[in-house]
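Comments concern the structure below.
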Amino acid sequence: MPLLKRKRDYARLVIIISGVLPLIIGIFFTALDARHTVRQQQVSAANTLLSQAERMSDSAWDMITELRQFQHQPCSQIQNQLQRIASLNPYFRGVGKMEENRIACSSAYGAEPGFLKDMILRDAPVTGKAWWSLSIARTSGVPDRPAVIFMRDLPDGEGFWAMIDGQYLIDFMRAINSTHHYHFSMNFSDGAPIAFGNPQIAASSWFEPMIYQARSTRYPLSVTLIASPSELIAAWRQVMFIIMPMAAIFSILLMMLMANWLQRRISWRDEIRRAINSDQFRAHYQPVYDNRLQRCSGVEALLRWTTPDGNGVRPDIFIGAAEAEGMIVPLTRHLLNLIAEDVMDWEVKPHFHLAINVAADHLQHPDFVDDMLQFAERIKDKQFLITLELTERSLIKDGAEVARKLEQLRGCGMKVAIDDFGTGNCSLSYLQTFTLDYLKIDRGFINAIESLEGRTPVLDVIIQLSNELELEVLGEGVESALQFSYLQRRGVVYIQGYYYARPMDNKAFIAWLAAAGDQPVEQEQEHVPDARPKGTV
Ligand code: C2E
Ligand code: CA
Ligand code: CA
Numbered sequence: 001m002p003l004l005k006r007k008r009d010y011a012r013l014v015i016i017i018s019g020v021l022p023l024i025i026g027i028f029f030t031a032l033d034a035r036h037t038v039r040q041q042q043v044s045a046a047n048t049l050l051s052q053a054e055r056m057s058d059s060a061w062d063m064i065t066e067l068r069q070f071q072h073q074p075c076s077q078i079q080n081q082l083q084r085i086a087s088l089n090p091y092f093r094g095v096g097k098m099e100e101n102r103i104a105c106s107s108a109y110g111a112e113p114g115f116l117k118d119m120i121l122r123d124a125p126v127t128g129k130a131w132w133s134l135s136i137a138r139t140s141g142v143p144d145r146p147a148v149i150f151m152r153d154l155p156d157g158e159g160f161w162a163m164i165d166g167q168y169l170i171d172f173m174r175a176i177n178s179t180h181h182y183h184f185s186m187n188f189s190d191g192a193p194i195a196f197g198n199p200q201i202a203a204s205s206w207f208e209p210m211i212y213q214a215r216s217t218r219y220p221l222s223v224t225l226i227a228s229p230s231e232l233i234a235a236w237r238q239v240m241f242i243i244m245p246m247a248a249i250f251s252i253l254l255m256m257l258m259a260n261w262l263q264r265r266i267s268w269r270d271e272i273r274r275a276i277n278s279d280q281f282r283a284h285y286q287p288v289y290d291n292r293l294q295r296c297s298g299v300e301a302l303l304r305w306t307t308p309d310g311n312g313v314r315p316d317i318f319i320g321a322a323e324a325e326g327m328i329v330p331l332t333r334h335l336l337n338l339i340a341e342d343v344m345d346w347e348v349k350p351h352f353h354l355a356i357n358v359a360a361d362h363l364q365h366p367d368f369v370d371d372m373l374q375f376a377e378r379i380k381d382k383q384f385l386i387t388l389e390l391t392e393r394s395l396i397k398d399g400a401e402v403a404r405k406l407e408q409l410r411g412c413g414m415k416v417a418i419d420d421f422g423t424g425n426c427s428l429s430y431l432q433t434f435t436l437d438y439l440k441i442d443r444g445f446i447n448a449i450e451s452l453e454g455r456t457p458v459l460d461v462i463i464q465l466s467n468e469l470e471l472e473v474l475g476e477g478v479e480s481a482l483q484f485s486y487l488q489r490r491g492v493v494y495i496q497g498y499y500y501a502r503p504m505d506n507k508a509f510i511a512w513l514a515a516a517g518d519q520p521v522e523q524e525q526e527h528v529p530d531a532r533p534k535g536t537v
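Residue numbering for the sequence shown follows my numbering, beginning at 1 and increasing consecutively.
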C-alpha cells in the first residue's frame, strides 16, 4: 500500500535523524568546547610570557635606577663597576651611559665612544619621553639575536641604558611550546618582533589558526600568539573521547524510543484499519429524554470497538488515537455506514433526533459537507433531525470556513450542538460567531448538583446563558433522580444519562424503544435517588 510504504519510509527517516542528531549536536558542541579550551590555553600562555617580560623590564628599570649613582662621573672611573654590575645580573647583554647622543661607556665595549644607532643598528625611536624601551632585531656585538633596550634620558644630556638579551624570552617561549604548537611574537614599543615557533602556521582546509593578542598594562609591550590548527584538532579529539560515547549512547536510546513510538503509531493506524475491514466496530445508541414531550425524542450514536478476543477498547482511547493518527475521517465514515444500516430497522416518528459526534479533523476536511450530505441522503426516508455534536476545540481553527460549512448543513435541515460545554478553554465568543442549536452541558457540572433547592452556581449560569441565547439545553451524564429533577425544574428540555438509559447496541435499542421509548419518567420520589430502574445496558 503506497500510503503505508510512505509512512514506513518516513518512520525510517525519523529514526535515522534521531540517531544522527545527537551525534551532530555532540560534534558541534565538542568543536565549540575545543575552541574554548585552546583559547584558554592561549590566554594562559600569553599571560605567562607577558609576566616574564614584565619581570625582565622591572629588573632593567631597577638596573637603570642603580646606574644613576654614576651620574656626572667620567667613564674611566665607572667602567669596571659597569662591567661588574652587568655580569652580576642575569638577562643583561650590556649596560652603559649616554652623553648627548653618544654612548659614553658600556659594560660590553668599554670606554670607546660611539653612536647609539651604530650599536642597535637602527635609529633611536622618537618618543619625546625620558623613558623608553624598544625591541631590536640585533646589535652590532650580537648580530644574530634580538634584544630589548631600555633608555633613561636625564635632563643634563646624560643618560643610562640597559640591554636585555632576547634569548631569555625566546627560551621561555620554547619552554611553553614544549607542550603546544604556537607561534609567539613579542614587541616592545612596536620594535622588531622577538619571535619563536613556525611563522608559517598554515590554515588547514577546515580550520583557521587561532590568533590571540595580549598587551601589558604596565609597559608598552604586546604578545601575539598563534595556535596552529593541530592544537585545535588535538583539543577536539580529547573532548570527543569523553563526549562522543555519551552522545552515541543517547543517540541509540533516542532511536529506540523513536522506533517504539513510531511502531505504536503505525500499529494504531494498522489496527484501526484492520478493525474497520474486519467489522469490529459497532454503533451504540444512547436515548435522550424530552421533558416537553415526556418521551424519548432522539439518540446519540456512540462508537464501540470489540476486538476478536471479546475485549472492548475504550472509546476515549481509540477515538483519541484515531484523531492523532489521521484515521478519524475513515472511522467516522465507517460509523455513518453502520448507522445507515442500523436505522433501516427503526420505528421512529419524523424529526427523531440522531446525534453524531464530529471530530475536529473531520470538520476541517474538504469532504466533510459531502460526507454528511451523502449520509443524510441515505437515511432520508426516516426523516431524522441529524444533529452534529461538535466540541469547542473544533471551532477554534478556520472559524470562517467552519461557520460556512455548518451554515450549509443547517440549510439542509441539520442541527448543530456544542458538546461537553464549558470544558474547552475557548472563548465564549464562538457562541456569537457560529449559529448553534443545542448546548450539551458537560457531566462535570451536573455532578455538582447537591440538593434540589440549593444552588449550583456554574450550572445555573450556563442554563440562564442558554436561555438568553435561545439555545436548547441538554444535560449530559444524568445519573440520579436528584439530578434529573433539578434540571427538569430549571427548564432543561433534554436529558441524557444512565438514569434514563445507557448506550445500547442496535438490537437492544430497538427493543428498548418499543418498550420504553414513549414512557414518561415519573418524578414523584425525587429525594430517593435512582428510584427508576436503569435502562438496558
Ligand atoms: P461524549 O460525546 O461526551 O459522549 C458521552 C459519553 O458519556 C459516552 O461515553 C457515554 O457512554 C457516556 N455517558 C452517557 N451517560 C452517562 C452517565 O450517566 N454517566 C457516565 N459516567 N457516563 C455517561 P463513551 O461512549 O465512552 O464516549 C466517550 C467519548 O468518546 C464521547 O464523549 C466522545 O467524545 C467520544 N466518542 C464516542 N463515540 C464517538 C464517535 O462516534 N465519534 C467521535 N468523534 N467521538 C466519539
Ligand atoms: Ca457527544
Ligand atoms: Ca459530551
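Where is the CB? At the ideal position from N, CA and C, for every residue including glycine. As the structure is a prediction and not an experimental result, all values here were calculated from the model.
For residue i, the first and last residue of its enclosing alpha helix (DSSP H)
i       : result
Gln-238 : 229 to 277
Leu-154 : Where Leu-154 is concerned, there is no enclosing alpha helix (DSSP H), given that its DSSP letter is neither H nor E.
Cys-75  : 75 to 88
Glu-407 : 399 to 411
Glu-551 : Look at the range of the chain in this structure, 1 to 537, and you will see that residue 551 is not part of it.
Gly-457 : First, the residue type needs correcting, since residue 457 is Pro and not Gly in the sequence shown. From DSSP, the alpha helix (DSSP H) with Pro-457 extends over 457 to 468.
Phe-509 : 506 to 516
Arg-138 : Neither: Arg-138 is in no alpha helix (DSSP H) and is coded neither H nor E.
Simplified DSSP assignment, three categories, for residue i
i       : result
Val-537 : The predicted model places Val-537 with a pLDDT of 36, which falls under 50 and marks its position as unreliable, so this point remains unresolved.
Arg-8   : helix
Glu-323 : helix
Asn-311 : coil
Val-358 : coil
Phe-434 : coil
Tyr-168 : helix
Lys-382 : helix
Pro-193 : coil
Gly-540 : No answer is possible for residue 540: the residues shown for the chain start at 1 and end at 537.
Gln-496 : coil
Tyr-486 : helix
Proximity test, residue i beta-carbon vs ligand 1 heavy atom, cut-off 8 Å
i       : result
Gly-477 : yes
Asn-467 : no
Leu-487 : no
Val-14  : no
Pro-330 : no
Ile-379 : no
Extent of the continuous beta strand (DSSP E) to which residue i belongs
i       : result
Gly-477 : Neither: Gly-477 is in no beta strand (DSSP E) and is coded neither H nor E.
Glu-300 : 295 to 306
Tyr-212 : 210 to 215
Gln-69  : Note, Gln-69: premise wrong, no beta strand (DSSP E); not H, not E.
Phe-352 : Unbroken run through Phe-352: none, as it is neither H nor E.
Arg-93  : 92 to 99
Ligand 2 heavy atom lying under 8 Å from the CB of residue i
i       : result
Glu-389 : yes
Lys-440 : yes
Asp-361 : no
Asp-419 : yes
Ala-355 : yes
Glu-300 : yes
Neighbourhood of residue i by C-beta distance below 7 Å, restricted to the same chain and skipping five residues each side
i       : result
Val-528 : With a pLDDT of 44 at Val-528, under the threshold of 50, the predicted position of this residue should be treated as unreliable, though the coordinate-derived value follows. Here the set comprises Ala-481.
Ser-140 : Asp-118, Met-119 and Leu-121
Arg-68  : Phe-160
Phe-421 : Leu-439, Lys-440, Ile-441, Asp-442 and Ile-462
Pro-146 : Ser-135, Ile-136, Ala-137, Arg-138, Gly-166, Ala-192 and Ile-194
Pro-90  : none
Arg-269 : Glu-325 and Met-327
Glu-479 : Gly-497, Tyr-498 and Tyr-499
Neighbourhood of residue i by C-beta distance below 6 Å, restricted to the same chain and skipping five residues each side
i       : result
Pro-193 : Ser-185 and Asn-187
Tyr-50  : Per the sequence presented here, residue 50 reads as Leu, with Tyr not at that position. Answer for Leu-50: Ala-214, Ser-216 and Val-223, listed in chain order.
Residues near residue i in its chain [Cβ-Cβ closer than 8 Å; skip 5 each side]
i       : result
Ala-514 : Glu-347
Val-458 : Gly-422, Phe-445 and Ala-448
Leu-363 : Leu-390, Ser-394, Val-402 and Lys-405
Glu-407 : Thr-435
Residue i CB to nearest heavy atom of ligand 3 below 8 Å
i       : result
Arg-273 : no
Arg-443 : yes
Are at least three pairs of beta-carbons, each pair with one atom in the stretch 175 to 182 and one in the stretch 42 to 51, less than 8 Å apart?
-> In short, these stretches touch, since the Cβ pair count reaches three.
The stretch 429 to 444 contacting the stretch 453 to 469, beta-carbon criterion three pairs below 8 Å = Judged by Cβ distances under 8 Å, the stretch 429 to 444 makes contact with the stretch 453 to 469, as three or more pairs qualify.
Are the stretch 482 to 496 and the stretch 263 to 271 touching, with three or more C-beta to C-beta distances below 8 Å?
-> Taking 8 Å as the limit for Cβ pairs, the verdict is that the stretch 263 to 271 does not touch the stretch 482 to 496.
Stretch-stretch touch, CB-based, cutoff 8 Å, three pairs: the stretch 136 to 156 with the stretch 16 to 26 = Proximity of the stretch 136 to 156 to the stretch 16 to 26 falls short of the contact definition, fewer than three beta-carbon pairs being nearer than 8 Å.
Is the stretch 54 to 64 in contact with the stretch 275 to 285, if contact means three or more CB pairs nearer than 8 Å?
-> In short, these stretches do not touch, since the Cβ pair count stays below three.
Report yes or no: do three or more beta-carbon pairs, one from the stretch 307 to 317 and one from the stretch 365 to 382, lie closer than 8 Å?
-> Segments in contact, no.
Does the count of Cβ pairs from the stretch 293 to 301 and the stretch 349 to 369 closer than 8 Å reach three?
-> Yes, since at least three Cβ pairs between the stretch 293 to 301 and the stretch 349 to 369 fall closer than 8 Å, the two stretches touch.
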